[in-house]
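Report on the structure given below.
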Amino acid sequence: MIEFKILKNSKKSWARLGILKTEHGVVETPCLVPVATQAVVKTLDSREVKETKTQILIANTFHLHLKPGEKIIEAAGGLHKFMNWQGSLMTDSGGFQVFSLGFGKDFNVGKILKYFPGQNTEIIKKSRQPKFLKITQDGVYFQSPLDGRKLFLGPKKAIKIQEQLGADIIFAFDECTAPLTSFEYAKKSLERTHKWAKICLENKRSKQAIFGIVQGSRFKELRQESAKFINSLGFDGFGIGGDLGQSKKTMKKILNWTIPYLEKSKPRHLLGIGYLEDIENIIKSGIDLFDCTVPTHYGRRGVAFTGLGDLKLQQAKFLRNKNPIDRNCKCFVCQNYTRGYISHLIRAKEITGMKLVTFHNLYFFNTFVEEIRKKIKEGKI
RNA sequence: GUCGCCAUAGCUCAACUUGGUAGAGCGUUCCCCUGUGAAGGGAAUGGUUGGGGGUUCAAGUCCCCUUGGCGAUC
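Every letter in the first sequence is one number past the one before it in UniProt numbering, and letter 57, counting from 1, is 57.
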């Protein structure tokens with residue numbers, strides 16, 4: 001059960017200020033959802049995560065099913081207890097892994113294409129299958145990245161697992177398409193995702209809120225069809241997923257095609273997007289929630305975000321630098337550690353270095369979004 | 001003093017018995033990593049082979065001298 005209340009609609013854009021209530025607390029939206037794939041924000045414990053102003057986390061069905069298995073988490077009293085996170089929680093359905101272990105891996109591409117496909121670029125045709133997994137009408141056969149054994153994940157199973165995990169909000173099982181998808185493939189995939197969405201809803205017995213996921217790749221017709229269909233099923237909220245085209249412009253277009261068809265009173269979650277430079281734009285397009293691995297993932301690589309751009313602390317030039325990562329940041333790391341010291345830790349591959357940058361990045365991103373909420377409140381956005 | 005061993009990329013080392021103008025790891029720099037197979041992946045950079053002479057078509061490799069280091073022995 002969730003409750004979503006919109007406090008203010010912007011007059012300048014589609015942005016809105018809201019309150020999302022779950023059984024585990026109140027989430028002020030728009031809000032970043034840090035990623036805790038394996039029931040942990042890598043390098044941080046739950047107390048530290050809380051200190052980064054994080055309000056809600058997203059864990060992953062596929063990974064937790066593999067390790068340690070939903071039965072163990074259920075027996076431990078559910079995900080909240082298991083990972084000692086008292087705040088709100090989501091679980092992703094595993095639909096993204098259909099992409100990242102499938103065509104994403106085959107073509108070495110992400111959700112947004114970084115280059116314009118040349119004439120020789122392969123387009124994923126209607127009946128094509130990825131190398132390491134098989135997609136059928138019932139679900140997806142994976143080869144375990146851990147030991148190679150065959151695994152199956154489909155709508156029914158994804159829901160069952162998510163019920164056992166026990167997050168506040170769960171996602172329907174979908175196929176996240178790749179940017180090189182042909183129209184024919186996208187259409188066929190969308191039919192599957194829609195069929196699965198219905199099965200997910202029909203099979204859910206828990207009181208957990210469930211978000212349906214809009215797909216349709218970069219095609220206006222499909223995106224609109226998907227938005228209308230998913231909207232009609234009675235989900236508690238919406239995820240917008242899949243590939244977002246060839247550039248950030250197409251990402252904005254896709255959001256503009258989709259969002260008008262979604263019930264206004266329900267929360268909208270943009271899946272897997274959130275470079276610092278994207279955040280204000282997606283919020284202006286009407287996004288309430290978005291998850292992204294960038295602050296944590298880049299943090300472990302030693303990339304620290306600041307108001308003046310990112311710092312690659314791996315570089316030797318930072319070793320003698322006595323400044324904090326960001327002079328204006330009030331986080332524990334910036335109050336206590338220098339760039340030089342953190343650079344040393346990162347270069348020495350010390351886990352504490354990764355932890356300090358992860359902590360700062362999350363605090364910085366959360367503060368950044370907090371400021372956007374303030375701007376919406378003040379009518380500036 | 002005498003004898004022996006060693007000296008090759010910023011660092012640690014390869015390049016064999018039998019000469020064919022040098023490779024790797026690490027480092028450094030850069031790039032890639034948006035619902036995390038991700039403490040990951042890729043690329044570039046890098047050397048008058050301690051110095052000088054000689055033999056040879058050809059020398060890191062063989063010979064002589066020299067410099068520096070290490071060891072053994074009077």
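By construction, the Cβ of each residue, glycine as well, lies at the ideal position given by its N, Cα and C atoms.
Query                                                                                                           : Result
Identified DSSP bridge partners for A304                                                                        : L311
Range of the contiguous alpha helix (DSSP H) that encloses Y261                                                 : Neither: Y261 is in no alpha helix (DSSP H) and is coded neither H nor E.
Contact between the stretch 248-260 and the stretch 214-221 (3+ Cβ pairs under 8 Å)                             : yes
Sufficient close CB pairs (3 or more, under 8 Å) joining the stretch 34-47 to the stretch 350-365               : yes
Collapsed DSSP secondary structure at E224 in the structure displayed                                           : According to the sequence as given, residue 224 is Gln; it is not Glu. If DSSP states are grouped into helix, strand and coil, Q224 belongs with the helices.
The stretch 262-272 in contact with the stretch 235-247 per 3-pair CB rule at 8 Å                               : yes
Residue closest to F132, alpha-carbon to alpha-carbon, out of C31, K160, K150                                   : K150
Cβ separation of C292 and G272, assumed to be a contact under 8 Å, to the nearest whole Å                       : 6 Å
Which of helix, strand or coil DSSP assigns to M251                                                             : helix
Limits of the alpha helix (DSSP H) - the one that T91 falls within                                              : T91 -> not in any alpha helix (DSSP H); beta strand (DSSP E) instead, spanning 88-92.
Burial state of F171 (16 or more Cβ within 10 Å)                                                                : buried
3 or more residues per run - each beta strand (DSSP E) lying fully within the stretch 43-106                    : 56-60, 88-92
Between the CA atoms of V369 and A15 - distance to the nearest angstrom                                         : 12 Å
When K126, A76, V35 are compared against T91, the one with the closest alpha-carbon                             : V35
Boundaries of the alpha helix (DSSP H) in which C334 is found, first to last residue                            : 332-336
Buried versus exposed call for Q119 [16 or more other C-beta atoms within 10 Å across all chains shown]         : Any answer about Q119 is weak, because its pLDDT of 44 lies below 50 and its placement is not dependable; what the coordinates show is given next. Classification of Q119: exposed, given that the 10 Å Cβ count is below 16.
Helix, strand or coil at Y363 [DSSP, three-state]                                                               : helix
Same chain, Cβ closer than 8 Å to E184, five either side skipped, listed in chain order                         : K125, K126
Element boundaries [beta strand (DSSP E), containing N203]                                                      : Careful: N203 lies outside any beta strand (DSSP E), inside the alpha helix (DSSP H) at 183-203.
Proximity below 9 Å, CB of L57 to CB of V33                                                                     : yes
Inter-residue spacing [alpha-carbon to alpha-carbon] between K53 and L356                                       : 15 Å
Closest residue to E3 among K11, T22, S10 (Cα-Cα distance)                                                      : T22
Selected residue, minimal CA-CA separation from E225, among L190, T250, G242, I199                              : L190
Spatial neighbours of T313 in its chain, beta-carbon cut-off 6 Å, leaving aside the 5 residues before and after : Note on residue identity: the sequence assigns Leu, not Thr, to residue 313. Cβ neighbours of L313 beyond the five flanking positions: G302, A304, I342, S343, I346.
One or two residues paired with T22 in a DSSP bridge                                                            : G25
Residue 382 burial status per 10 Å Cβ neighbour count (16 or more: buried)                                      : With the chain represented from 1 up to 381, any question about residue 382 goes unanswered, as that position is not in the structure.
DSSP three-state assignment for N9, whether helix, strand or coil                                               : strand
Check whether V49 and D174 have beta carbons under 9 Å apart                                                    : no
Extent of the continuous beta strand (DSSP E) run through Y141                                                  : 140-143
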